[in-house]
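Here the structure comes first, spelled out in structure tokens, and everything after it is commentary.
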Amino acid sequence: ARRLRRKQYNTNKIFRHTQLCIEDLAFNSILIRANSHLMNIATDTNQDIPGWLMSRMKKAPHSLELLWNESTQQYSSRNYSTFELIKEPTIMTFLPLYAGTISASRAKKLVELLKSRAWSTKFLVPTVPKNSKFFSPTRYWQGPVWINTNWLIADGLKRYGYVNEANEVIKNSVTLVNDHGSYEYFSPLDGRPSGAHPFSWTAALTIDFLKSDT
């Protein structure tokens with residue numbers, strides 16, 4: 002935060018001098034969906050979105066096109082300094098489903114990836130594939146199941162018509178919380194809970210799963 006203040010929050014200065022600057026799949030996917038919600042709210046309330054903001058909102062979906070890796074057939078975050086895609090696969094590759102702006106063919110590829118052996122664990126969805134050199138079932142974002150990412154993925158799967166796949170993610174999530182409580186995250190191999198407890202994020206999204214019409 003001090004570095005940002007010293008640069009007066011000037012994005013050009015920040016990008017030019019920051020050693021670690023990532024174009025993140027999760028951030029962009031959630032932003033695109035939030036923009037869609039904002040446009041719906043503006044329509045429902047008869048409000049005009051400023052032209053400069055609307056222009057940026059319309060450009061946002063293009064960011065995901067820049068994050069598609071043709072060689073791996075999946076999405077990746079990108080190093081903004083070098084413009085190189087980060088090739089190590091993570092759960093974030095599935096979040097463009099939540100954005101809802103990718104093509105049906107790309108969505109199909111993501112669903113096929115989700116069903117692949119690398120991502121098939123006893124409990125879905127691990128934060129990295131089990132064949133990753135970084136995989137660790139109880140180490141924060143290196144393998145555990147998080148209910149918040151499951152919620153985003155399930156929502157995205159439904160948007161593209163993959164209801165059965167979405168229900169499987171929901172079923173896994175509810176089972177974990179029912180068996181162990183509202184922990185921060187869970188092992189994808191045996192469901193062992195870890196992290197904060199009770200964790201309100203897990204509790205809130207589980208309630209939403211239970212109330213949703215699946």
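Start counting the sequence shown at 2; every next residue gets the next number (this note's numbering). Even glycine gets a Cβ: it sits at the ideal position worked out from N, Cα and C.
Proximity below 8 angstroms, CB of residue i to CB of residue j
{"i": "S183", "j": "A204", "result": "yes"}
{"i": "S188", "j": "T128", "result": "no"}
{"i": "I31", "j": "Y81", "result": "no"}
{"i": "S117", "j": "N151", "result": "no"}
{"i": "L68", "j": "S78", "result": "yes"}
{"i": "M93", "j": "L177", "result": "no"}
{"i": "A61", "j": "I23", "result": "no"}
{"i": "S137", "j": "P90", "result": "no"}
{"i": "G52", "j": "F124", "result": "no"}
Same chain only: Cβ atoms within 6 angstroms of residue i, ignoring 5 sequence neighbours per side
{"i": "E185", "result": "G196, A197, F200"}
{"i": "P97", "result": "S30, L65, Y76, I103"}
{"i": "M40", "result": "none"}
{"i": "W147", "result": "Y186"}
{"i": "W142", "result": "T128"}
{"i": "I181", "result": "Checking the displayed sequence, the identity of residue 181 turns out to be His instead of Ile. Excluding positions up to five away in sequence, the list reads P194."}
{"i": "F110", "result": "Note that residue 110 is Lys in the sequence shown, not Phe. These residues qualify, in order along the chain: Q74."}
Counterpart residues of residue i in DSSP-defined beta bridges
{"i": "W69", "result": "Y76"}
{"i": "I23", "result": "N80"}
Residues near residue i by beta carbon distance below 8 angstroms, same chain, minus five either side
{"i": "T215", "result": "Annotation note: pLDDT 49 at T215 (below 50); position unreliable, coordinate value reported separately. Around T215: V164, A167, N168, I171."}
{"i": "W120", "result": "L114, V126, P127, P130, K131"}
{"i": "M58", "result": "N36, L39, M40, I50"}
{"i": "T44", "result": "none"}
{"i": "E85", "result": "R79"}
{"i": "N11", "result": "none"}
Where the alpha helix (DSSP H) through residue i begins and ends
{"i": "F136", "result": "Unbroken run through F136: none, as it is neither H nor E."}
Same chain, Cβ closer than 7 angstroms to residue i, neighbours up to 5 away in sequence not counted
{"i": "N149", "result": "W202, L206"}
{"i": "Q122", "result": "Note that residue 122 is Thr in the sequence shown here, rather than Gln. Cβ within range, chain order: K131, P189, L190."}
{"i": "A108", "result": "L98, Y161"}
{"i": "I87", "result": "S77, S78, R79, N80"}
{"i": "G144", "result": "P127, T128, V129, F136, S137, P138, P189"}
{"i": "I15", "result": "L5, K8"}
Cβ-heavy atom distance, residue i to the ligand GTP, below 7 angstroms
{"i": "M55", "result": "No copy of the ligand GTP appears in this structure; indeed no ligand is present at all."}
Worksheet entry | Complete runs of the alpha helix (DSSP H) confined to the stretch 41–129 [at least 4 residues] | 52–60, 63–67, 97–100, 105–115
Discussion item. List, from N- to C-terminal side, the alpha helix (DSSP H) runs of 4 residues or more that fit wholly inside the stretch 144–213.
Written reply: 148–160, 164–181, 201–212
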